[in-house]
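Q: Supplied in structure tokens, the structure appears directly below.
Protein chains: 2
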Amino acid sequence: MTLQAGAALVREGEPALHVFNITMGSLRVYKLLPDGRRQITGFLFAGDFLGLAIGEAYVFSAEAMEPSTVCRFRKEPFRALVEQSPPLEHMLLHRTSHELAAAQNQMLLLGRKTAIERMASFLLDLPGHDPARPSAPGQVRLPMKRGEIADYLGLTIETVSRVLTRMKVMGIISMPSQNELIVERPARLRQHALGEV
Amino acid sequence: MTLQAGAALVREGEPALHVFNITMGSLRVYKLLPDGRRQITGFLFAGDFLGLAIGEAYVFSAEAMEPSTVCRFRKEPFRALVEQSPPLEHMLLHRTSHELAAAQNQMLLLGRKTAIERMASFLLDLPGHDPARPSAPGQVRLPMKRGEIADYLGLTIETVSRVLTRMKVMGIISMPSQNELIVERPARLRQHALGEV
DNA sequence: CGGACCGTTGAAAGGTGTCAAGTTGCGTGG
DNA sequence: CCACGCAACTTGACACCTTTCAACGGTCCG
């Protein structure tokens, strides 16, 4: 199953009929408030599962950030398969536990970190998630736009832009292009991520 | 295993040797920044599990909020037991998925809701989690102190206090005592929780 | 009675949001 | 090939919500 950039894969509230496995590209997972405020709860890349949460309806929405392909399974057969395969269920528990740990880190970020601390944490986490990352250390690809970073970090587009500028001025990062970033001072970035400045 | 109020059960960074099941009382689970900022990621009550996240070390701390009792299992035997019991593993996956969904709701709260919206959401969620809740609808027990509510909602103690006062003035709630709360206008509370005011 | 802890309230400060105006980058079409 | 136009990004000025700092009252208990 193939998706254009921006295509919706699931919408919050819809009957949860399918489970997905991303084979290529990247997705954003988010929740909305009635007035349109958006919180992106995570980004998914090749290999990740989507739609595992139990329930009749999806409790989040998901869209492709770039051209992507996914495997779609109908929910019931998938559940039956899981029931018959303890190793599969084990893997799902393992992955879900990791997602939960990541979610707890994100709660710390959203609840207690300043704008620059959020951005620093984000830049440090990013390479670890993206399988299509470049190998050079310190070099970070930003596969998402400012608006997506903002909605992931609980900030506005303007604040994201200002924080990146501040980091450039401080010599912590440099940006060859808008979607590419080089960490010039990893140690200082790590300090900021922990609020130690 | 019995715990006094305030007793630490696990500390972030310590080797994860045990898994716990709460049999009585309530726990707070939290993460700290080096300078002491605290984000409470959840409250646990009777029946809940703690320490499922895989890994060598705990990635959070947990303390009793009131006198509590827990069942302690050594990690390795517990894992072996889980491997041999698909129904047990199934239950753990089910619970972890629910926790993840709750975490995603909390990310929306922390990243995008105002102080009064956070409090409204909190007051609506609270009864569902506490097995020791009173039966009367609209009546909510606050088993935690202001500081814990603040660190759960990403606010300060003062803001929590001010928001509760505002809600009282608006006639949405009333408080017979500091730890007991009555929802006078559930509909308005629900509106606030969704940011519809 | 004194002290510690908890909660409430007030005044002022500050970080982030809002609103608005540029600037850059890039694909499209003449 | 160049001009145009749109979308994304940046920057500035100001507003506002929440935090910070401070003082005060209440309750429990030694």
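Taken in sequence, the protein lines are chains A and B.
Residues 90 to 286 (the numbering used here) are what the first sequence spells out, left to right.
Residues 90 to 286 (the numbering used here) are what the second sequence spells out, left to right.
Glycine included, every Cβ here is placed at the ideal spot set by N, Cα and C.
Since the structure is predicted, the reported quantities are computational estimates derived from the model, not experimental observations.
(1) Take every Cβ of the stretch 118 to 125 of chain A, pair it with every Cβ of the stretch 164 to 184 of chain A, and state whether three or more of those distances are shorter than 8 Å.
(2) Can a CB atom of chain A be found closer than 7 Å to the CB of residue 183 of chain B?
(3) Using the three-state DSSP reduction, which class does residue 275 of chain A fall into: helix, strand or coil?
(4) With hydrogens ignored, establish whether the beta-carbon of residue 266 of chain A is closer than 6 Å to any heavy atom of the ligand MN.
(5) Considering residue 286 of chain B, what are the terminal residues of the beta strand (DSSP E) in which it resides?
(6) With three or more C-beta pairs closer than 8 Å as the rule, is the stretch 95 to 115 of chain B touching the stretch 157 to 166 of chain B?
(7) Suppose contacts are defined by Cβ-Cβ distances below 7 Å. Is residue 186 of chain B in contact with residue 142 of chain A by that definition?
(8) May I have the straight-line CA-CA distance separating residue 272 of chain B from residue 241 of chain A, to the nearest angstrom?
(9) Within a Cβ cutoff of 6 Å, which residues of the same chain sit near residue 50 of chain A, ignoring the five residues on either side of it in sequence?
(10) Nearest chain B C-beta to residue 238 of chain A closer than 7 Å, yes or no?
(11) So, does the stretch 125 to 137 of chain B touch the stretch 179 to 198 of chain A, judging by three or more C-beta pairs under 8 Å?
(12) Span of the alpha helix (DSSP H) holding residue 188 of chain A?
(13) At what residues does the alpha helix (DSSP H) containing residue 112 of chain A begin and finish?
(14) Run through DSSP, which three-state label would residue 125 of chain A get?
(15) Measuring straight from C-alpha to C-alpha, what distance separates residue 117 of chain A and residue 104 of chain A?
(16) Compute the Euclidean distance between the alpha carbons of residue 167 of chain A and residue 138 of chain A, then round it to the nearest angstrom.
A: This is what the structure holds:
(1) Per the Cβ contact rule, the stretch 118 to 125 of chain A is not in contact with the stretch 164 to 184 of chain A (fewer than 3 Cβ pairs under 8 Å).
(2) Against the second sequence, residue 183 of chain B aligns to sequence position 94. Taking 7 Å as the CB threshold, residue 183 of chain B lines the interface with chain A.
(3) For the purposes of this step, residue 275 of chain A is taken as residue 186 along the first sequence, with counting starting at 1. If DSSP states are grouped into helix, strand and coil, residue 275 of chain A belongs with the helices.
(4) Annotation note on the ligand MN: not contained in the displayed structure, which lists no ligands.
(5) Counting from 1 along the second sequence, the entry for residue 286 of chain B is found at position 197. Per DSSP, residue 286 of chain B lies in no beta strand (DSSP E) segment and is marked neither H nor E.
(6) Yes: at least three Cβ pairs fall under 8 Å.
(7) Taking the first residue of the second sequence as 1, we reach residue 186 of chain B at position 97. Taking the first residue of the first sequence as 1, we reach residue 142 of chain A at position 53. Contact annotation: residue 186 of chain B and residue 142 of chain A have beta-carbon atoms nearer than 7 Å.
(8) Your numbering for residue 272 of chain B matches position 183 in the second sequence. Your numbering for residue 241 of chain A matches position 152 in the first sequence. Residue 272 of chain B and residue 241 of chain A: Cα-Cα distance of roughly 33 Å.
(9) In this structure chain A extends from 90 to 286, so residue 50 of chain A is not present and cannot be described.
(10) Residue 238 of chain A sits at position 149 when you count from the first residue of the first sequence. Not an interface residue.
(11) Contact between the stretch 125 to 137 of chain B and the stretch 179 to 198 of chain A is present: three or more C-beta pairs spanning the two stretches fall below 8 Å.
(12) Here residue 188 of chain A is taken as the residue at index 99 of the first sequence, counted from 1. Residue 188 of chain A -> alpha helix (DSSP H) spans 175 to 201.
(13) Here residue 112 of chain A refers to the residue found at position 23 of the first sequence. In the DSSP assignment, residue 112 of chain A falls outside any alpha helix (DSSP H) and within the unbroken beta strand (DSSP E) covering 107 to 113.
(14) Taking the first sequence and counting its residues from 1, the one referred to as residue 125 of chain A is at position 36. Secondary structure of residue 125 of chain A (DSSP, three-state): coil.
(15) Position 28 of the first sequence, counted from the start, is the residue given in the question as residue 117 of chain A. Position 15 of the first sequence, counted from the start, is the residue given in the question as residue 104 of chain A. One C-alpha to the other measures close to 19 Å.
(16) Counting from one through the first sequence, the residue named residue 167 of chain A turns up at place 78. Counting from one through the first sequence, the residue named residue 138 of chain A turns up at place 49. One Cα belongs to residue 167 of chain A, the other to residue 138 of chain A, and the distance between them is close to 12 Å.
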